[in-house]
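Residue numbers (the working numbering), protein chains in the order written: chain A, 1234 to 1652; chain B, 1234 to 1652.
What follows is the structure, encoded as structure tokens:
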């Protein structure tokens, strides 16, 4: 077919965004379409900093399937409304025109869906024929319409396995040492990842004993009472907290702290605060963990379901684009929980853009500290299956290293000015 | 044979201490020797709180091979000299006598080797025939004589893989977001785990760009200059720091902080301190991670070499004990780096007890911020190979849950009094 396809990665990367990239490139190659990639997401598209993916071998592209991070670079850069950012949208169309880009695939979350939709509008307005398709991705699992987001299943699996393993450790130490373990997970506005930790336990006495969701205001008295009761009953206690835990006034605990009356900025996150609170009030020895980027880059522990989803949306996005389906996104539609069945369906970007999918109320246990059976039914298929990377003789995963050969610019240099 | 074998776990547990337990029990079963386990290490032995491992099936015991934590409970409890703690040593012998314990295997680090040796002396002094054998274990890799310690290879692999993965994430984000990533690893007195992070990179531009060892006093000026130079050259920078990083006065950074003039206790560890320092002085956006217990319980990512070592020392310990070799420990002797060859050899406990193996000077790069080729030659075989646990339909590893049936006490209750 005539023209090139431009692919770009956006926002926080995941363990499987490159699996989507792999599927995009492999599917396009089967259709004899050349794929250019924007270096560092939309920033590269604006700067005309493009990568010719045809310079990388089939083996290198195939290895993207099991490589975490964003192989072409991602960005945190939000385009505003067409009115406010008209010059930038027009620049994008100019770059598309200069490189004969007929299809644009933007792999990201809410903001990217919004950006994609706007680009498709600008193309029309400027009389440039471009087909824009979104590719869903986010560890936060907060995209609307799609049943889940590629990236979430893997961080969910990492979180559940880590809680299970660390809790076996705590249980061994509790008699004479650590009695409380606090682990902080991502999720500033929605408790999807925290909820996934709940998969590690089946009974009340299994870890995690307490999950703290951003959806439920933190109640110090009730929290401490439950930690104490758990230690007295089980011998130890594992707490999982969302980074986005808030107080009753709706302020993030990580910002206000729980005790510091002097207004000093706290260095850490929520986990050290809670651990210190437990120590000060209950006297228990604690440990705390903050896996941070480790949780969203842990491709070595990805769920197979997640990798399959990531590949499927990448492949579908190319097929939709080549079929001329403008301003859509392939969504994952769940057909049944058990057996787990799903399919891909195109949905309009406008239904995805700027909506945020919250954790349903029915997923949080009535007492606010755990997950329900409904949450488990939803989450379990997403962490199912293993898809480990190949390992080398050096004991490390063999992750792809692309050449990322640049395409010669055809336009004058462009500086992304401050607004 | 006549009599029972008592097995106990001690100190911080590892991803593979249960693999040693598995080998101990399986080997003893082959010799028709019944294994009792002390609940929570030496504390259970003192309290006569013993577990009859014969009540657990062969399948349950086999599953210990791939289960992290300490299946019988561990403890942080140090017996002092025979003079100071005579009553406790005598109580132990009393418990041994009551349960016809003829062989005692203590699975731990330096302190446990010391305790084991003393128990063997007390047995002799009291005319009770007991054979005591140490089983090496510690993630810190600081035991003398043995080439490495079971537990270390797995935490080393976890650390190297995590740094590799998280750094791919940082590299993707650096253009418009996170430029510096700081990860804190265990190792209060020796930089073995920090050194293992160095396996993730091969060239100067690969992560980790800076490793901070407890052996090298922290120099703020030189550290900041190197972070800056790395970000300017590579675009981003990954720092790995030991929890035991110290200032020039030899004080732990995690205790004194770097800036707080008011003497406020800092909540976090070293990683948030360093990250904040980078932000304040250089203005770079940062992320930091503190895997804590996750690193030493990550059985899902254990190295096969480590699992093999853990099994081998467990098996050898039983064989040595049954052969009447008192006050020894099976050590891992390296015969060659490439191909990696090793064997087990009995060494006297007195050579192990109370010695601490430091990271050799020749393993730290001359500039103090990385590892040498000699370190890589030593470390690489230890992280080699994968030995993943089986996973269930729920997407989680199938870790052993023992029944841990107690043995009926035969002695009056005993309270471990404060000294």
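The C-beta atom is built at its ideal place from N, Cα and C for all residues, glycine as well. From a predicted model like this one, the values you see are computed outputs, not experimental measurements.
*With distances taken between CB atoms, is the gap from residue 1447 of chain B to residue 1420 of chain B smaller than 8 Å?*
Cβ atoms of residue 1447 of chain B and residue 1420 of chain B: closer than 8 Å.
_Members of the region 1424–1450 of chain A that neighbour chain B once the beta carbon cut-off is set at 8 Å_ = Those residues of the region 1424–1450 of chain A that come within reach of chain B (Cβ to Cβ, closer than 8 Å) are 1432 and 1433.
*chain A partners of residue 1399 of chain B, CB-CB under 8 Å?*
Using a Cβ-Cβ cut-off of 8 Å, residue 1399 of chain B is close to 1525, 1526, 1527 and 1530 of chain A, given in chain order.
_Please report whether the beta-carbon of residue 1273 of chain B lies at a distance below 8 Å from any beta-carbon of chain A._
Interface residue, yes.
*Beta-carbon gap between residue 1290 of chain A and residue 1544 of chain A smaller than 8 Å*: No; because the gap between Cβ atoms is not below 8 Å, this pair is not in contact.
*Find out if the Cβ-Cβ distance for the pair residue 1322 of chain B, residue 1366 of chain B is shorter than 8 Å.*
No. Outside cutoff.
*Bridge-paired residues (DSSP) for residue 1567 of chain A*: In the DSSP secondary-structure assignment, residue 1567 of chain A is bridged to A/1575.
*Which of helix, strand or coil DSSP assigns to residue 1632 of chain A*: Residue 1632 of chain A falls in the coil class under three-state DSSP.
*Should residue 1498 of chain A go down as buried or exposed, given a rule of 16 or more other Cβ atoms within 10 Å for buried?*
Here residue 1498 of chain A scores only 46 on pLDDT, less than 50, and its place in the model should not be relied on; the value that follows carries that caveat. Classification of residue 1498 of chain A: exposed, given that the 10 Å Cβ count is below 16.
*Is it the case that the Cβ atoms of residue 1597 of chain B and residue 1426 of chain B are separated by a distance below 8 Å?*
In this structure, residue 1597 of chain B lies away from residue 1426 of chain B, with their beta-carbon atoms at least 8 Å apart.
_Within the region 1338–1373 of chain A, ranges of the beta strand (DSSP E) (whole runs, at least 3 residues)_ = Contiguous beta strand (DSSP E) elements confined to the region 1338–1373 of chain A occur at 1364–1369, taking only those with 3 or more residues.
*In whole angstroms, what is the alpha-carbon distance linking residue 1340 of chain A and residue 1258 of chain B?*
Residue 1340 of chain A and residue 1258 of chain B: Cα-Cα distance of roughly 52 Å.
*asked:* Using 8 Å as the threshold, is the C-beta distance between residue 1361 of chain A and residue 1329 of chain A below it?
replied: Yes, these two residues count as a Cβ contact at 8 Å.
_Mapping the DSSP letters down to three states, classify residue 1240 of chain A as helix, strand or coil._
Residue 1240 of chain A: strand per DSSP, three-state reduction.
_residue 1563 of chain A burial status per 10 Å Cβ neighbour count (16 or more: buried)_ = Classification of residue 1563 of chain A: buried, given that the 10 Å Cβ count is 16 or more.
*Whole angstroms is fine: what's the gap from residue 1500 of chain B's alpha carbon to residue 1510 of chain A's?*
Note on residue 1500 of chain B: pLDDT 47, under 50, position unreliable in the model; no value is reported.
*Looking at the C-beta of residue 1626 of chain B, does it have a partner C-beta in chain A at a distance below 8 Å?*
Residue-level contact by beta carbon holds for residue 1626 of chain B and chain A, with a gap shorter than 8 Å.
*If you draw a straight line from the C-alpha of residue 1557 of chain A to the C-alpha of residue 1364 of chain A, how long is it?*
Here the alpha carbons of residue 1364 of chain A and residue 1557 of chain A stand approximately 6 Å from one another.
*residue 1474 of chain A by DSSP, collapsed to three states: which one?*
If DSSP states are grouped into helix, strand and coil, residue 1474 of chain A belongs with the strands.
*residue 1416 of chain A and residue 1504 of chain A: beta carbons closer than 8 Å?*
Yes, these two residues count as a Cβ contact at 8 Å.
*Mind checking who residue 1270 of chain B pairs with in its DSSP beta bridge?*
For residue 1270 of chain B, the pairing in a beta bridge is given by DSSP as B/1240 and B/1284.
*Check whether the Cβ atoms of residue 1478 of chain A and residue 1459 of chain A lie closer than 8 Å to each other.*
Cβ atoms of residue 1478 of chain A and residue 1459 of chain A: not closer than 8 Å.
*So, does the CB of residue 1522 of chain B fall closer than 8 Å to a CB anywhere in chain A?*
Yes, its Cβ sits closer than 8 Å to a Cβ of chain A.
*chain B partners of residue 1619 of chain A, CB-CB under 7 Å?*
For residue 1619 of chain A, the C-beta contacts it makes with chain B under 7 Å involve 1624, in order along the chain.
*Since residue 1577 of chain B meets chain A, which of its residues come closer than 9 Å, beta carbon to beta carbon?*
Within chain A, no C-beta atom comes nearer than 9 Å to that of residue 1577 of chain B; the closest sits roughly 21 Å away.
_Beta bridge counterpart(s) of residue 1639 of chain B as assigned by DSSP_ = Looking at the DSSP assignment, residue 1639 of chain B forms a beta bridge with B/1284.
*Under a CB-based cut-off of 8 Å, is residue 1534 of chain A close to chain B?*
Closer than 8 Å to some Cβ of chain B, the Cβ of residue 1534 of chain A qualifies, so yes.
*Do you know whose CA, among B/1411, B/1251 and B/1518, lies nearest residue 1306 of chain B's CA?*
If you compare the alpha carbons of B/1411, B/1251 and B/1518 with that of residue 1306 of chain B, the shortest gap goes to B/1251.
*residue 1505 of chain A in three-state terms, based on DSSP*: The answer is helix: DSSP assigns residue 1505 of chain A an H, G or I state.
*For the region 1532–1544 of chain A and the region 1428–1436 of chain A, state whether three or more C-beta atom pairs, one from each stretch, are separated by less than 8 Å.*
Contact annotation: the region 1532–1544 of chain A does not touch the region 1428–1436 of chain A, with fewer than three C-beta pairs closer than 8 Å.
*Which residues in the same chain have their Cβ closer than 7 Å to the Cβ of residue 1430 of chain A, if we skip the five residues on either side of it in sequence?*
Closer than 7 Å at Cβ, skipping near neighbours: 1392, 1393, 1396, 1418, 1441, 1444 and 1473.
*Whole angstroms is fine: what's the gap from residue 1491 of chain B's alpha carbon to residue 1483 of chain B's?*
Residue placement at residue 1491 of chain B cannot be trusted, given a pLDDT of 47 that sits under 50; what the coordinates show is reported in the next sentence. Distance from the CA atom of residue 1491 of chain B to the CA atom of residue 1483 of chain B, rounded to whole angstroms, is 13 Å.
*Counting Cβ pairs, one atom from each stretch, are 3 or more of them under 8 Å apart for the region 1612–1627 of chain B and the region 1631–1639 of chain A?*
Between the region 1612–1627 of chain B and the region 1631–1639 of chain A, the count of Cβ pairs shorter than 8 Å is below three; the stretches do not touch.
_Using the three-state DSSP reduction, which class does residue 1248 of chain B fall into: helix, strand or coil?_
In the three-state reduction of the DSSP assignment, residue 1248 of chain B falls in the coil class.
*Establish whether the CB of residue 1632 of chain B and some CB of chain A are separated by less than 8 Å.*
Yes, its Cβ sits closer than 8 Å to a Cβ of chain A.
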